[in-house]
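Position in the sequence shown counted from 1, then plus 557, gives you the working numbering.
Glycine included, every Cβ here is placed at the ideal spot set by N, Cα and C.
Only a predicted model underlies this, so the values are computations on that prediction, with no experimental measurement involved.
As structure tokens, the structure follows; a few thoughts come after it.
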Amino acid sequence: MTSNWVTTGLSTLVILVASLVHGIAGFGFAQVSMGLMPLFRSPSSASIIFTATAVVSNARVWWSVRGAFDWRKWAVPVGGLVVGMPLGIYVFSQFDGDQMRVAIGAVLVLAVIVVGATQQSEFVTDWIEAKDYRPGNAIGATAGLLAGVFGGAVAVPGPPMIVYGAFMSASGFWSDEEMKATFTAFFGTLMLYRLGSLSYTGAVTTPLLVEATVAIPMVFVGAWAGVYIFDNIPERVFQWLVLALLTVNAFVLLFTAVPEL
558 MTSNWVTTGL
568 STLVILVASL
578 VHGIAGFGFA
588 QVSMGLMPLF
598 RSPSSASIIF
608 TATAVVSNAR
618 VWWSVRGAFD
628 WRKWAVPVGG
638 LVVGMPLGIY
648 VFSQFDGDQM
658 RVAIGAVLVL
668 AVIVVGATQQ
678 SEFVTDWIEA
688 KDYRPGNAIG
698 ATAGLLAGVF
708 GGAVAVPGPP
718 MIVYGAFMSA
728 SGFWSDEEMK
738 ATFTAFFGTL
748 MLYRLGSLSY
758 TGAVTTPLLV
768 EATVAIPMVF
778 VGAWAGVYIF
788 DNIPERVFQW
798 LVLALLTVNA
808 FVLLFTAVPE
818 L
């Protein structure tokens, strides 16, 4: 059994790597954090540490694009989030460790498919542009609701919002900066909502908050290093490498947890 400090050190290292990957690839903070930490600690405690650091990570990125923020674009998915998060927290409370590992693995596979299709493939972007379809407020709120369920349950809320954002961006209704500002504000709100909800239920403990506090500086260190490395490696090759590694990570979680169910 690893000591608490060894576990804390490994968790801090994972947050550093996740922030580094995010700084280079533009995605992966949630996927890397929640893909790796459940391999050596309980997935529920991993999700709480990730949630606290994700609030800071999203706030950092949002601050850099705050001029492009439009609260009306943020409010649409948040309307769904208000409903989706309690549902996700309920699912979270029903999971045992192995069930949560399986759920995380399944959502990671979904995230890899969605990111690969919408951000790495011009075919999907061209198809969206040809459709000239703009999701209405009901679709945006539904994306927020599903993200709330995913985020509340397994702390990986990205897939529904990535699909929604892909349509809004490819159709010309969001610029890249507007999408980044909307996403980071939404995901920051989601993680703050999740942290508050879990604190209310008693799942957030002082030792876990201490671990999160220790890990938070790595958010900034990893982001700084990622931006520096970004200029020196082929971005698209790195992005595909990250997706491949996340896929392997997801199946490791699935194959190690499913036999225990």
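query	result
Span separating the alpha-carbon of Gly-779 from that of Thr-762	26 Å
Environment of Arg-658 [buried if 16+ CB atoms lie within 10 Å]	buried
Gly-636 and Ala-710 closer than 8 Å at C-beta	no
Where the alpha helix (DSSP H) through Thr-739 begins and ends	733-758
Between the CA atoms of Ala-814 and Asp-653 - distance to the nearest angstrom	11 Å
Through-space distance from Phe-808 to Phe-649, alpha-carbon basis	21 Å
Three-state secondary structure assigned by DSSP to Ala-807	helix
Ser-726 vs Arg-691 beta-carbon contact at 8 Å	no
Straight-line Cα distance separating Ala-611 from Leu-798	23 Å
Cα-Cα separation between Gly-566 and Phe-777, rounded to whole angstroms	17 Å
Distance between Ile-790 and Leu-702 (C-alpha atoms, nearest Å)	37 Å
Reduced DSSP secondary structure (H/G/I, E/B, other) of Met-558	Reliability fails at Met-558, whose pLDDT of 38 lies under 50, so the model's placement of it is uncertain and the value that follows must be treated cautiously. DSSP places Met-558 in coil when its eight states are reduced to three.
Straight-line Cα distance separating Thr-804 from Leu-810	10 Å
Residue burial classification, Thr-746 (beta-carbon count within 10 angstroms, cutoff 16)	buried
Proximity winner among Val-771, Phe-730, Asp-788 and Gly-708, relative to Leu-856 (alpha-carbon distances)	Nothing in the structure corresponds to residue 856, since the chain is present only between 558 and 818.
Through-space distance from Pro-643 to Leu-593, alpha-carbon basis	25 Å
Thr-770 classed as buried or exposed, judged by whether at least 16 other C-beta atoms fall within 10 angstroms	exposed
Cutoff 6 Å; reference Gly-722; Cβ partners in own chain excluding five residues on either side	Met-736
Beta-carbon contacts of Phe-795 that lie in its chain and below 8 Å, excluding the five residues immediately before and after	Ile-581 and Ala-582
First through last residue of the alpha helix (DSSP H) which encompasses Gln-588	586-593
C-alpha distance - Gly-662 paired with Tyr-785, whole-angstrom precision	30 Å
Nearest-angstrom Cα separation, counted from Trp-781 out to Gly-697	32 Å
Closest Cα partner of Arg-629 within the set Ile-605, Phe-743, Pro-774 and Ser-604	Phe-743
Buried versus exposed, by CB contacts within 10 Å (16 or more), Arg-793	exposed
Presumed contact (8 Å Cβ cut-off) between Ala-704 and Gly-641, rounded CB distance	7 Å
Inter-residue CB distance, Ala-625 and Glu-768 (contact presumed, cutoff 8 Å)	In fact, because the Cβ distance is near 33 Å, the residues do not count as touching under 8 Å.
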